[in-house]
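A.B. asks: Numbered by the working numbering, the letters in the sequence shown go through residues 119 to 370 in order. The beta-carbon is built from N, C-alpha and C at its ideal position, and this holds for glycine as well. Remember, it's a predicted structure, so these values are computed and weren't measured experimentally.
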Amino acid sequence: MSGAGKRFSKLQVFSDVELEVGEREVLAIIGPSGCGKTTLLRCMNGLIPLTEGEITMEGEAITSPREGVAMVFQHFGLFPWKTVFNNVAYGLKLAGATRAQIDEKIPEYIKLVGLSGFEHYYPYQISGGMQQRCGLARALAVEPRVLLMDEPFGAVDAQTREILQFEMLRIWESRPTTMVFVTHAIDEAVLMGDRVLVLKGRPSTVHEIVEVDLPRPRNRATLLLPRFAELREHVWNTLMADARQAELEVIR
Ligand SMILES: Nc1ncnc2c1ncn2[C@@H]1O[C@H](COP(=O)(O)OP(=O)(O)O)[C@@H](O)[C@H]1O
Ligand SMILES: [Mg+2]
119 MSGAGKRFSK LQVFSDVELE VGEREVLAII GPSGCGKTTL LRCMNGLIPL TEGEITMEGE
179 AITSPREGVA MVFQHFGLFP WKTVFNNVAY GLKLAGATRA QIDEKIPEYI KLVGLSGFEH
239 YYPYQISGGM QQRCGLARAL AVEPRVLLMD EPFGAVDAQT REILQFEMLR IWESRPTTMV
299 FVTHAIDEAV LMGDRVLVLK GRPSTVHEIV EVDLPRPRNR ATLLLPRFAE LREHVWNTLM
359 ADARQAELEV IR
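Written out as structure tokens, the structure reads:
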């Protein structure tokens, strides 16, 4: 992505965003609410166009949603009238898979995310955490080379969030894909990312990229490493310098 900018009429959301994501790399993007994280992901997915610069994948400009890229949404994005099975199968169906291929593949992904036994439930009959497992299975089922995650655990309670974070790490270890993981939680960014990109400012831009030199596989023990605490503190300071400044301006 180079010189990337996005404007909605008078609002310049971000500008001069330069970033590159390596194959099988997890890039965590963190920034305050409203800084344009979702907008950036939607541009990467080709759902909306940039107003400046360009985004390429494997050397080709992204101008519309393309094969090989899947997105997991903050609010799950499931079809309420479809069962878990049919929600998970949706992406594959769109891609033109046959019934036989779907019947063979979908149970594997439902099992991977721990939803076996719930195939015939509707979204309203399962918890938020389970709905997001379903959203994740739907994205994984198309076997994407790039996975775009928009605060995937932002809408579930704190305990469920922790469980899903470690499940996600386990799933990623079993099939590492390139991932852009957007979050506003510092712990989560450091836990998931190989690098953490801090988006800040108005319009926002890349403020810093922090290398996360924590060993993989990562798990609960990672949270106890002194290096984890150091990195979290570092990202916290980078983010908060601004928040405090903004607060002071409001007081004045
Ligand atoms: N379709 C749109 N039209 C106009 N403004 C938008 C649109 N989508 C997002 N915005 C604005 O862009 C800014 C960034 O939004 P968003 O990308 O959702 O931020 P984040 O995901 O970081 O919370 C917000 O001020 C939001 O109101
Ligand atoms: Mg958002």
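Output the residue ranges of the beta strand (DSSP E) runs that lie fully inside the segment 176–248 and measure 3 residues or longer, sorted by chain position.
C.D. replies: 187–190
A.B. asks: Please enumerate, following chain order, all residues with a beta carbon closer than 5 Å to at least one heavy atom belonging to ligand 1.
C.D. replies: Phe126, Val131, Ser151, Gly152, Cys153, Gly154, Lys155, Thr156, Thr157
A.B. asks: For Gln250, is the beta carbon positioned less than 7 Å from some heavy atom of ligand 2?
C.D. replies: Reading the sequence shown from its first residue, position 132 is the one you call residue 250. Answer for Gln250: no, Cβ out of range of ligand 2.
A.B. asks: Tell me where the alpha helix (DSSP H) around Arg125 begins and ends.
C.D. replies: Looking up residue 125 in the sequence shown gives position 7. Where Arg125 is concerned, there is no enclosing alpha helix (DSSP H), although the beta strand (DSSP E) around it starts and stops at 120–126.
A.B. asks: What separation, rounded to the nearest whole angstrom, lies between the Cα atoms of Leu349 and His193?
C.D. replies: Position 231 of the sequence shown holds residue 349. Position 75 of the sequence shown holds residue 193. For Leu349 and His193, the distance between alpha carbons rounds to 28 Å.
A.B. asks: Give me the DSSP bridge partner(s) of Glu172.
C.D. replies: In the sequence shown, counting from the first residue as 1, residue 172 sits at position 54. When beta bridges are read from the DSSP output, Glu172 appears opposite Ser120.
A.B. asks: Identify which residue in Lys318, Glu269, Gly177 has its Cα closest to the Cα of Leu357.
C.D. replies: The residue labelled residue 357 in the question sits at position 239 within the sequence shown. Of Lys318, Glu269, Gly177, the smallest CA-CA separation from Leu357 is found for Lys318.
A.B. asks: Glu291 lies in the alpha helix (DSSP H); which residues open and close that run?
C.D. replies: Translated into the one-based positions of the sequence shown, residue 291 becomes position 173. 276–292 is the span of the alpha helix (DSSP H), which, as asked, contains Glu291.
A.B. asks: Run through DSSP, which three-state label would Val298 get?
C.D. replies: Here the question's residue 298 lines up with position 180 in the sequence shown. Strand.
A.B. asks: Taking the C-alpha atoms as reference points, what is the distance between Glu143 and Thr295?
C.D. replies: Translated into positions along the sequence shown, residue 143 becomes position 25. Translated into positions along the sequence shown, residue 295 becomes position 177. So the alpha carbons of these two residues sit roughly 7 Å apart.
A.B. asks: Compare the beta carbon distance of Ile224 and Phe203 with 8 Å and say whether it is the shorter of the two.
C.D. replies: The residue given as residue 224 occupies position 106 in the sequence shown. The residue given as residue 203 occupies position 85 in the sequence shown. Yes, the Cβ-Cβ distance between Ile224 and Phe203 is below 8 Å.
A.B. asks: Are Arg338 and Phe299 close, meaning C-beta to C-beta below 8 Å?
C.D. replies: Position 220 of the sequence shown, counting from 1, holds the residue named residue 338. Position 181 of the sequence shown, counting from 1, holds the residue named residue 299. It is not a contact, given that the beta carbons lie outside the stated cut-off.
A.B. asks: Quick one: is the Cβ of Glu269 within less than 7 Å of any heavy atom of ligand 2?
C.D. replies: The residue given as residue 269 occupies position 151 in the sequence shown. Flag set: Cβ of Glu269 near ligand 2.
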